[in-house]
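Undergrad: The sequence shown begins at 2 in my numbering and counts up by one.
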Amino acid sequence: MTWDLTGATILEVVPPTLDSGDVGFSKRLKRVEKLVSDGTFDAVNIPEIHDEENRDARGERKKGFSTRLDGRILGQKIREEFGLPVIVNHVVAHAPLDRQILWLHETIREYGIQDLVLVGAPHDRHPWPGPSVAEANAAFKAEFPDSDLRLGNICIPGRPGSPVPESERMAAKIRSGADFFTTQILFSTAEIRD
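1. Give the DSSP-derived three-state secondary structure of R73 in the structure shown.
2. Quick one: measure Cβ to Cβ for V118 and N90, integer angstroms, because I've assumed they're closer than 8 Å.
3. So E1 and V92 are supposed to be a Cβ contact under 8 Å. How far apart are they, rounded?
4. Have a look at Q101, F66, E167, D116 and flag the residue whose alpha-carbon is nearest the alpha-carbon of D20.
5. Can you give the beta carbon distance from V87 to I79, rounded, assuming they're within the 8 Å contact cut?
6. Since I believe G121 is in contact with A94 (beta carbons under 8 Å), could you give me their beta-carbon distance rounded to a whole number of angstroms?
7. Can the beta-carbon of Q101 be found less than 8 Å from the beta-carbon of L150?
8. For the alpha helix (DSSP H) that E167 lies in, which residues bound it at each end?
9. Pick from W129, P158, L36, E107: whose alpha carbon is nearest that of F83?
10. Quick check for students: name the residue ranges of the alpha helix (DSSP H) that lie wholly in the region 120 to 166, counting only runs of 4 or more.
11. If distances are taken between C-alpha atoms only, which option among L30, P16, R29 comes closest to H51?
12. Do three or more CB pairs link the region 129 to 137 to the region 157 to 167 at distances below 8 Å?
13. Given a cut-off of 8 Å on the beta-carbon distance, is the pair W4 and D39 in contact?
Written as structure tokens, this is what we have:
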């Protein structure tokens with residue numbers, strides 16, 4: 002089951018919290034069913050949500066964090082229930098490459114998911130144990146060279162303060178194995194007018 006890389010309309014579905022249990026899982030599936038029932042979407046994208054260091058000026062969390070269901074579980078169920086391809090996002094910075102390769106094998110063999118978006122570290126204020134996105138791209142493609150594995154990466158068009166243009170970052174990621182890109186939603190309150 003696949004989707005066309007050009008002109009696809011993709012629904013993003015955040016996994017339910019673990020605290021919401023089976024009720025939260027069922028509610029999420031009902032919401033997906035309602036949204037995809039008219040055939041508008043070509044695939045479903047499932048982000049991987051982590052607790053990040055988002056704090057206000059007083060050092061307090063801006064919003065409480067709740068651990069989420071593994072997106073692969075939700076993705077597998079969406080594919081089975083609604084016949085839609087799924088794309089699972091995965092942050093590669095959190096664990097060493099050997100653990101990333103184990104995650105990849107599990108994702109393909111146990112969940113049947115071959116469309117992934119690899120995400121890097123949320124910031125560079127300290128070193129991370131995992132590979133860069135480009136390193137993960139190359140390693141994942143080498144691990145499954147003759148498969149239908151498709152890797153997406155994140156494009157951040159307005160990356161503030163970066164000495165490397167985003168176009169050069171994208172070119173390097175393509176050379177390392179990226180098949181497509183997705184962007185992060187950019188929002189600036191300074192651009193809102195009354």
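Glycine residues also receive a C-beta, built at the ideal position from the N, C-alpha and C atoms.
TA: Taking the definition as stated:
1. Here DSSP, grouped into helix, strand and coil, assigns R73 to helix.
2. Contact check for V118 and N90: beta-carbon distance about 4 Å, within the 8 Å limit, so the pair qualifies.
3. This structure cannot settle anything about residue 1, because the visible part of the chain is limited to 2 through 195.
4. The shortest Cα separation from D20 among Q101, F66, E167, D116 belongs to F66.
5. V87 to I79, Cβ: 6 Å. Contact.
6. The beta carbons of A94 and G121 sit about 6 Å from each other, so the pair counts as a contact at 8 Å.
7. In this structure, Q101 keeps its C-beta atom at 8 Å or more from the C-beta atom of L150.
8. Where E167 is concerned, the enclosing alpha helix (DSSP H) stretches over 167 to 176.
9. For the residues W129, P158, L36, E107, the minimum Cα distance to F83 belongs to L36.
10. Within the region 120 to 166, the complete alpha helix (DSSP H) runs of at least 4 residues are 134 to 144.
11. Out of L30, P16, R29, P16 has the C-alpha closest to the C-alpha of H51.
12. They do not touch, by the three-pair rule.
13. No, the pair does not count as a contact, with Cβ atoms beyond the cut-off.
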